[in-house]
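I have placed the structure first, in the form of structure tokens, so that the comments after it can refer back to it.
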Amino acid sequence: MVIYISEYDSPEDPQGILKQTLAMGSEFPGPAADVFLAWTLRLGLDSNVAEAARAVIRDYHLDTAEDHGGEHAKLVTLIREAAKGQTVTARRRGGARGRNRSQS
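What follows is the structure, encoded as structure tokens:
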């Protein structure tokens, strides 16, 4: 097994995934949600995501970060929401349930 250790590795950013992604700025192609998910999974089950996100915001100066738009901005938004302890959930739209209601 090969384990990649980045020079940016820290307890709040295992393997430096956020540091390296954020450094790309507007060139980051995304998807932001995938990077965010990978980061949270690398934190581990015993980690507090909100505390780690606050540390990332502080250490990477995301509170005053330039808005690059696109996927970069989405990633920063996800990190900021995590720092507030907010849960980001995706809602499924439509499907059989929605179709059945319209037929009633």
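In terms of our numbering, the numbers along the sequence shown are unbroken and rise by one, the last being 110. The beta-carbon is built from N, C-alpha and C at its ideal position, and this holds for glycine as well.
Check: Rounded straight-line distance, which links the Cα of Gly36 to that of Leu68; Outcome: 18 Å
Check: Reduced DSSP secondary structure (H/G/I, E/B, other) of His78; Outcome: helix
Check: Beta-carbon contacts of Ile85 that lie in its chain and below 8 Å, excluding the five residues immediately before and after; Outcome: Leu24, Phe42, Ala59, Val62, Ile63, Leu68
Check: CB contact flag (Ser32, Gly22, <7 Å); Outcome: no
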